Amino acid sequence: SFVAGVIHPWRVSAFERLLWRACRGYLVASFVEMPEPMEDPATGESITWVIFLISYWGEQIGQKIRKISDCFHCHVYPYPESEASRADTMSGLHSQIQDLSVVLEETEQYLAQVLDKVALALPTWRVQVQKMKAIYLVLNQCSFDVTEKCLIAEVWCPVRDLTQVQDALRQGSYKSGSSVECFVQRIPTSESPPTLIRTNKFTAGFQSIVDAYGVASYQEVNPAPYAIITFPFIFAVMFGDVGHGLLMFLFALWMVLYENSPSLRQASNEIWLTFFEGRYLILLMGAFSIYTGFIYNECFSKATVIFPSAWSVATMANHSSWRWDPNSPVTPNPRSLPGVTPPRSAHSSAYLATHPSLTLDPNVTGVFQGPYPFGIDPIWSLATNHLNFLNSFKMKMSVVLGIVHMGFGVLLGVFNHLHFQQRHRLVLEFLPEMVFLLALFGYLVFLIFYKWITFSAANSLVAPSILIHFIDMFLFTSNAGNLPLYQGQVPVQTVLVVLALASVPVLLLGTPLYLCCRRRAPRTGRPAVRLEVTVPGGSAGVGAQPGLTAAAVPTQPVAAGEQEPLLEGQEAGNSVNATKEDVESGGHSPDAEHLDFAEVFMHQAIHTIEYCLGCVSNTASYLRLWALSLAHAQLSEVLWTMVMRNGFVRLSYAGGVVLVPVFAAFAVLTVAILLVMEGLSAFLHALRLHWVEFQNKFYVGAGYKLCPFAFAPDAGE
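Sequence positions in the sequence shown follow our numbering and run 62 to 778.
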């Protein structure tokens with residue numbers, strides 16, 4: 062007789078040894094490994110099983126073999142004794158295997174067809190499930206009334222959207238077949254409303270810059286509309302170059318024209334998405350850089366002659382000491398100076414030989430013919446002292462732009478004071494701040510323009526130093542070696558310093574004393590609008606009502622404000638500042654009698670110190686406009702000199718072929734260093750000037766954004 066089966070390969074040795082000892086050799090065992098591994102039905106492990114066939118004599122030995130096989134967890138299969146039976150069994154097994162193969166193949170084909178259909182419907186199913194989960198998540202935040210028949214949802218809603226919310230509730234009740242309509246009630250609340258600022262694809266980038274500093278407080282002046290102009294302009298002051306600005310403008314214009322392209326919108330690169338979201342910001346930065354590049358008269362560090370130069374070299378050559386002598390052995394080429402005709406009565410050319418740099422004297426009649434029509438005269442790019450000239454110009458320009466920018470920020474605070482009915486702050490905060498800023502640094506701007514207008518080339522050697530006058534102004538002294546700019550300058554400067562110093566205690570003590578002297582009882586401010594939405598529902602619970610009318614109710618909660626916004630596009634906001642007053646009333650509370658005087662005084666002292674010291678440090682901070690502009694111009698000039706100029710000068714006649722890789726290197730370095738690195742640097746500095754120097758003058762930015770119920774854009778509709 063025979064016993065056949067399979068055994069785990071690890072148990073073969075022990076199994077064979079036990080069989081031999083138990084049966085005392087009355088058997089013949091044969092072991093063969095399977096050609097392919099098979100899965101263990103118990104553990105799912107892939108195992109190369111060992112097939113065994115045992116022939117034995119005697120029924121008792123057969124029983125021992127079967128018991129031992131069971132102990133070793135062998136899979137025993139029936140083995141017919143006759144050849145004919147074994148042949149029949151083999152044929153039956155082959156036919157069964159073929160039938161199973163056919164069944165498995167047809168099943169796989171059917172499952173593939175089903176999965177293909179599911180794959181088409183799966184995105185829609187996913188969207189539906191996500192929407193249902195989102196809706197029920199909001200519904201679970203609602204509460205039941207006492208009768209457990211209605212759902213009550215408290216939401217924020219903009220005043221202008223209140224009619225749309227009511228229409229949506231009415232339509233939801235009608236489509237759901239509810240016998241009771243939903244209704245809305247406006248309830249008073251002392252909670253700080255969230256901030257909703259409506260933006261479009263153009264203003265979203267600028268608003269995100271402001272929100273990165275802090276979300277606007279409730280109905281506070283929004284700096285984003287002004288940043289649309291000031292941010293690109295301040296960036297362009299540091300990045301002024303026609304060529305570089307044009308490249309940036311064309312790159313942003315390409316993104317704007319193809320903004321609806323799915324390949325651009327759905328890119329997975331985070332850096333690219335950052336550029337794409339700020340495409341309109343980059344567009345304006347490029348346009349403003351072109352404008353300031355024309356003012357600086359720089360295009361890839363080279364000056365362009367748009368208008369004729371206002372300086373006449375010919376006049377200087379014909380009416381000064383650097384004429385040439387035709388009998389001299391050293392005679393310069395007259396064509397080297399355009400428009401110069403060798404005069405008959407020429408002086409020695411030794412002057413030209415010993416003076417490689419010739420000075421154009423504007424005091425000579427006809428040498429300087431007036432200001433250049435637009436921007437910097439291109440002749441300054443050939444001058445050896447062009448850095449001194451540009452440094453003086455850009456430094457004074459940076460100071461003027463910085464003081465104007467800060468003054469505009471202080472002026473915007475007036476709208477906050479008027480809108481929040483805090484007229485005492487106009488006298489006790491705005492007025493001292495403007496007096497301090499204008500009496501010191503506004504006067505500095507006046508001195509800059511006065512010196513520009515008063516002194517010309519004729520009396521430039523006796524022009525006094527503004528810096529020394531400004532230092533003497535704080536020391537209440539005068540310098541005999543530094544002539545006054547105008548008569549009575551010292552008394553005027555003394556009065557201005559006294560006014561600036563007198564405004565400090567007013568700014569420090571004015572608001573705390575005013576709030577302390579108010580004896581009226583505290584009253585609650587005007588309540589913000591909050592909606593209470595009551596929706597008919599069932600007593601089985603929110604999650605048990607798939608067709609509940611409330612499913613459409615909380616899907617439109619957006620921030621609300623009872624008053625119209627101060628600026629168009631600003632809907633509502635919250636404000637939480639460092640003090641309890643600001644927490645309760647958006648940073649602009651008219652009722653602060655309940656506050657501790659020490660707390661109010663400490664808050665005002667911090668504001669006073671920050672403002673007074675900030676006026677000094679912030680004015681110096683705007684000098685980064687000069688520094689970054691100078692650095693950009695010098696890097697551009699170095700890149701041109703080290704790469705393109707060498708390619709033009711040193712390559713001789715073979716330069717036509719070699720200029721191709723030279724220009725490629727110049728283009729790569731221009732994009733990598735001047736556009737990307739310098740552009741990022743100028744962007745970060747412009748960002749700092751807006752956050753710290755500008756917005757700090759009027760912007761609290763302590764609100765919280767409205768997060769209305771909305772389906773994700775990538776979820777589809």
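Yeah, the Cβ is synthetic: ideal placement off N, Cα and C, and Gly gets one too. For clarity, every value in this text was computed on a predicted model and none was experimentally measured.
- Proximity to F76 across I122, I126, G463 and K455 peaks at I126, based on C-alpha coordinates.
- Contact between the segment 227–245 and the segment 716–726 is not established, with fewer than three Cβ pairs separated by less than 8 Å.
- Taking C-beta separations shorter than 7 Å and ignoring five residues to either side along the sequence, the partners of A561 in its chain run V496, F497, A500 and L501, following chain order.
- Contact between the segment 665–683 and the segment 435–454 is absent, with fewer than three C-beta pairs closer than 8 Å.
- Between the alpha carbons of I122 and L79 lies a distance of about 13 Å.
- Boundaries for V137: no alpha helix (DSSP H) harbours it, while the beta strand (DSSP E) harbouring it runs H136 to Y138, taken from the DSSP string.
- Going by C-alpha positions, L748 is about 17 Å away from V761.
- As a beta-bridge residue in DSSP terms, A65 pairs with L114 and Y138.
- Between the segment 285–293 and the segment 260–268, the count of Cβ pairs shorter than 8 Å is three or higher; the stretches touch.
- The three-state reading of DSSP puts I248 in strand, counting E and B together.
- Every unbroken stretch of the alpha helix (DSSP H) spanning 4 or more residues and falling wholly within the segment 500–576 is given here in chain order: 504–515 and 527–536.
- In the DSSP assignment, L88 falls within the beta strand (DSSP E) that extends over L88 to E94.
- With respect to the C-alpha of A65, the residue from T109, I129, N321 and Y138 having the closest C-alpha is Y138.
- Within the same chain, F491, E494, M495, L498, K758 and F759 come within 8 Å of V471 by CB-CB distance, once the 5 residues on both sides are set aside.
- Selection W333, A375, I367 and V298 evaluated against A348 yields V298 as nearest (Cα-Cα).
- With contacts defined as CB atoms closer than 8 Å, H530 and N543 qualify as a contacting pair.
- Annotation: H478 to L568 spans about 15 Å, alpha carbon to alpha carbon.
- Membership of G354 in the alpha helix (DSSP H) is indicated by the continuous run R340 to Y357.
- Going by DSSP, W81 is part of the alpha helix (DSSP H) stretching over V73 to C84.
- Here the alpha carbons of I351 and I290 stand approximately 15 Å from one another.
- Under the three-state reduction of DSSP, K363 is assigned to strand.
- Excluding its 5 nearest sequence neighbours in each direction, S373 has C-beta neighbours in its own chain below 7 Å: G427, V428 and Q430, listed in chain order.
- Rounded to the nearest angstrom, the gap between the Cα atoms of P417 and V710 is 21 Å.
- If you ignore the 5 residues before and after R72, its C-beta comes within less than 6 Å of the C-beta of F133, all in its own chain and listed in chain order.
- Taking C-alpha positions only, Y357 is separated from Q227 by approximately 58 Å.
- For W372, the pairing in a beta bridge is given by DSSP as F429.
- Take S442, set aside five residues on each side of it, and the residues of its chain with a beta-carbon closer than 6 Å to its own are A364, in chain order.
- If you ignore the 5 residues before and after G463, its C-beta comes within less than 6 Å of the C-beta of T680 and Y683, all in its own chain and listed in chain order.
- In the three-state DSSP reduction, S107 falls in the strand class (E or B).
- Remark: C-beta atoms of L546 and P573 do not approach each other more closely than 8 Å.
- The beta carbon of S459 sits closer than 6 Å to the beta carbons of Y683, L684, L686 and W687 from its chain, once the five residues preceding and following it are set aside; these are given in chain order.
- For the 8 Å CB-CB criterion, D101 and I112 do not form a contact.
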